[in-house]
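K.L.:
Chains as they are written, first to last, in my numbering: chain R, 2 to 143; chain X, 2 to 143; chain L, 2 to 143; chain U, 2 to 143.
C-beta: ideal position from N, C-alpha, C; glycine also.
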């Protein structure tokens, strides 16, 4: 899905750097989460509301390529694409760009599944949440 | 309480430093939590078990004095004292020492209350959990 | 200083919550840092530029009162006041408000000193950086 | 390398959980770092000493498979293997086990390169640090 969505844009916080003076690698999973939830929000799929309906979306796997460093006060943008959606699982890709230099500083993917809150058992959206299913299915096709 | 307890001892992780090359200040609340839960564990008050009995222990207030820097790979020890216990609230003090230099690098306090899981309403231990009440009352008196 | 400054406004991230389902207490030092650097940026005192001029601003002490919980997806605003400025040290106060409810959910202070990068020795701004000195002195008087 | 090394063993901290009541996924990069530096320490390759000799070891890429949840107070162990070493790059694999259940709860890899502190340019250990080169080459062959 090549979206006409508002772009996720973020400044690096001081506390996200480490003694190498660059963003610590553990923060990229957090940035990916922020970008993904921003994207879902913009589409009307707020994760807090989903949890109130008993749906959680745990992460199953992730891949990360650290291409260039981000430093304190750098601004970066994230291009997010919903790559796959099976009805139970979805997979996203993320490309991070340093806004000032234009450099593609990070590439990542993350795979998630829809689960029942409480026991984290996989949940098929098609039967339980047909509207949400259709919305995601349409997005991945686009 | 001047305890004859095992001392909490910890090495600074790389990811806990920031671009000033020292431990980021936000980590001290985490170190205080680790030291406090270590102390409670040693006394048979494991927080996971308390939560299974419906008790949570939120933080109400904290004070922090950053006296000297801790750096990656430094080892520090924490001297913890239960300063006050009212039956609903308890207050701890913490003194951190750089093990190699002996320097008192940090002093802190934190105040907590016993609460009912779910609504976080204050809970008087005396009535609901008399054994736990007695144990803490004895410790603060000592 | 009661400023006519743009207000720092922030949404709580999922990864900032803990198993009590509220923001973990260690994040408030991070939020205070974000609000403080936002305020300094708005006044033309960007911390990255200050570091390029050899100035770092470590935290000396902090106080925190946790008045009410913040949860994932909550939006909060921070009212920051520069309370004191001695030429070497400055002290800020912070009031956090839950935007939806208006509740004053957190109060904090933090004290910092101006230091030479490298050895972290205190630095008097008056002699070394008179413009920055005047700017902060004017702000605290206002 | 199937090592007879001391096993890295760790308890999950409260602050590492999120509102799903399990360890937040961003912490696994931190746990991998802890296990890796523990392993390097045990082999006499302390990262602080390496940095004092001008060597940093940034992460180039990582993969993560979240197989089962870790919760507050769980103890896990990490089986680390140095899979590849080229003289400039090294790749590790990590298997995490829940100590109580024996479940393989996480699998990961991370790839790093040796770099010059300051400009992060790749550094060939063979010429610059032949002892370190030999030590790692022997380990990966074993």
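Is the distance from the Cβ of residue 18/R to the Cβ of residue 73/R below 8 angstroms?
P.N.:
Yes, the Cβ-Cβ distance between residue 18/R and residue 73/R is below 8 angstroms.
K.L.:
Starting from residue 60/X, find everything on chain L with Cβ-Cβ shorter than 7 angstroms and list it in chain order.
P.N.:
Per Cβ cutoff of 7 angstroms: 26 and 67.
K.L.:
Where does residue 131/R sit, in a helix, a strand or coil, going by DSSP?
P.N.:
Correct three-state label for residue 131/R: helix.
K.L.:
In the segment 32-50 of chain X, which residues sit with their C-beta less than 8 angstroms from some C-beta in chain U, listed in chain order?
P.N.:
The segment 32-50 of chain X vs chain U, Cβ under 8 angstroms: 34, 35, 38, 47, 48 and 49.
K.L.:
Quick check on residue 139/L: buried or exposed, where buried means 16 or more other Cβ atoms within 10 Å of its Cβ?
P.N.:
With fewer than 16 other Cβ atoms within 10 Å, it is exposed.
K.L.:
Just to confirm, are residue 83/R and residue 9/R a CB contact at a threshold of 8 angstroms?
P.N.:
No; because the gap between Cβ atoms is not below 8 angstroms, this pair is not in contact.
K.L.:
List, in chain order, every chain L residue whose beta-carbon is nearer than 8 angstroms to that of residue 18/U.
P.N.:
Here the neighbours are 19 and 20.
K.L.:
Kindly indicate if chain C contains any beta-carbon less than 8 angstroms away from that of residue 99/L.
P.N.:
In summary, chain C is missing from the structure at hand, where the protein chains are R, X, L and U.
K.L.:
Does any residue of chain X bring its CB to less than 8 angstroms from the CB of residue 120/U?
P.N.:
Chain X, which has no Cβ nearer than 8 angstroms to the Cβ of residue 120/U, makes this no.
K.L.:
Name the two residues that bound the continuous alpha helix (DSSP H) containing residue 29/U.
P.N.:
It spans 28-43 - the alpha helix (DSSP H) in which residue 29/U sits, taken as one unbroken run.
K.L.:
Please return the same chain residues whose Cβ sits closer than 6 angstroms to the Cβ of residue 15/U, not counting the five positions on each side in sequence.
P.N.:
Excluding sequence neighbours, residue 15/U sits near 73.
K.L.:
Examine chain R for any beta-carbon lying closer than 8 angstroms to the beta-carbon of residue 114/L, and answer yes or no.
P.N.:
By this cut-off, residue 114/L is not an interface position.
K.L.:
Count the C-beta pairs between the segment 100-118 of chain R and the segment 23-43 of chain R that are closer than 8 angstroms, then say yes if the count reaches three, no if not.
P.N.:
Segments in contact, yes.
K.L.:
I need the DSSP call for residue 100/U, collapsed to helix, strand or coil.
P.N.:
In this structure, residue 100/U counts as coil in the three-state DSSP scheme.
K.L.:
I want to know whether the segment 51-65 of chain L touches the segment 35-54 of chain X - three or more CB-CB distances under 8 angstroms.
P.N.:
Counting Cβ pairs under 8 angstroms, fewer than three are found: no touch.
K.L.:
Give a yes or no on whether 8 angstroms exceeds the smallest Cβ distance from residue 89/L to chain X.
P.N.:
By this cut-off, residue 89/L is not an interface position.
K.L.:
Report the three-state DSSP secondary structure of residue 2/X (helix, strand or coil).
P.N.:
Legend: pLDDT at residue 2/X = 46, less than 50; position of this residue unreliable, value from coordinates given subsequently. Looking at residue 2/X - three-state DSSP - the assignment turns out to be coil, as it is neither helix nor strand.
K.L.:
Could you check where the alpha helix (DSSP H) with residue 51/X kicks off and where it finishes?
P.N.:
Start and end: 48-53.
K.L.:
Let's test the definition: count the other Cβ atoms within 10 Å of the Cβ of residue 75/L and tell me whether it reaches 16, buried, or not, exposed.
P.N.:
With 16 or more other Cβ atoms within 10 Å, it is buried.
K.L.:
Buried or exposed for residue 101/L, going by 16 or more other Cβ atoms inside 10 Å?
P.N.:
The residue in question, residue 101/L, is exposed, as its Cβ has fewer than 16 Cβ neighbours within 10 Å.
K.L.:
Tell me residue 123/L's beta-bridge partners as DSSP assigns them.
P.N.:
DSSP lists 116/L as partners of residue 123/L.
K.L.:
Ignore the nearest five residues each way along the sequence and tell me which others in residue 127/U's own chain have a CB closer than 6 angstroms to its CB.
P.N.:
Within the same chain, residue 127/U has close Cβ partners 88 and 134.
K.L.:
Between the Cα of residue 115/R and the Cα atoms of 64/R, 42/R and 86/R, which residue gives the shortest distance?
P.N.:
Ranking the options by Cα distance to residue 115/R, first place goes to 86/R.
K.L.:
In the DSSP assignment, find the unbroken beta strand (DSSP E) run with residue 11/X in it and report its ends.
P.N.:
Segment 9-12, the beta strand (DSSP E) holding residue 11/X.
K.L.:
Is residue 140/X helix, strand or coil by DSSP?
P.N.:
Of the three classes helix, strand and coil, the one that applies to residue 140/X here is helix, per DSSP.
K.L.:
From residue 125/X to residue 40/X, what does the alpha carbon distance come to, in whole angstroms?
P.N.:
Each residue's alpha carbon lies about 21 angstroms from the other.
K.L.:
Using a Cβ-Cβ cutoff of less than 7 angstroms, which residues in the same chain neighbour residue 38/R once the five nearest sequence positions on both sides are dropped?
P.N.:
48.
K.L.:
So, helix, strand or coil for residue 70/U, using DSSP?
P.N.:
In the structure shown, residue 70/U sits in coil (DSSP, three-state: anything other than H, G, I, E or B).
K.L.:
Would you mind reading off the limits of the beta strand (DSSP E) that contains residue 78/R?
P.N.:
From DSSP, the beta strand (DSSP E) with residue 78/R extends over 76-86.
K.L.:
Can you tell me whether DSSP reads residue 16/U as helix, strand or coil?
P.N.:
Looking at residue 16/U - three-state DSSP - the assignment turns out to be helix.
K.L.:
Is the CB-CB distance between residue 66/R and residue 107/R below 8 angstroms?
P.N.:
It is a contact, given that the beta carbons lie within the stated cut-off.
K.L.:
Using DSSP bridges, identify the partner residues of residue 91/U.
P.N.:
Its beta-bridge partners are 86/U and 113/U.
K.L.:
Please state whether DSSP places residue 61/U in a helix, a strand or coil.
P.N.:
DSSP places residue 61/U in strand when its eight states are reduced to three.
K.L.:
Select from 11/U, 59/U, 99/U and 12/U the residue whose C-alpha is nearest the C-alpha of residue 117/U.
P.N.:
Nearest option by C-alpha distance: 59/U.
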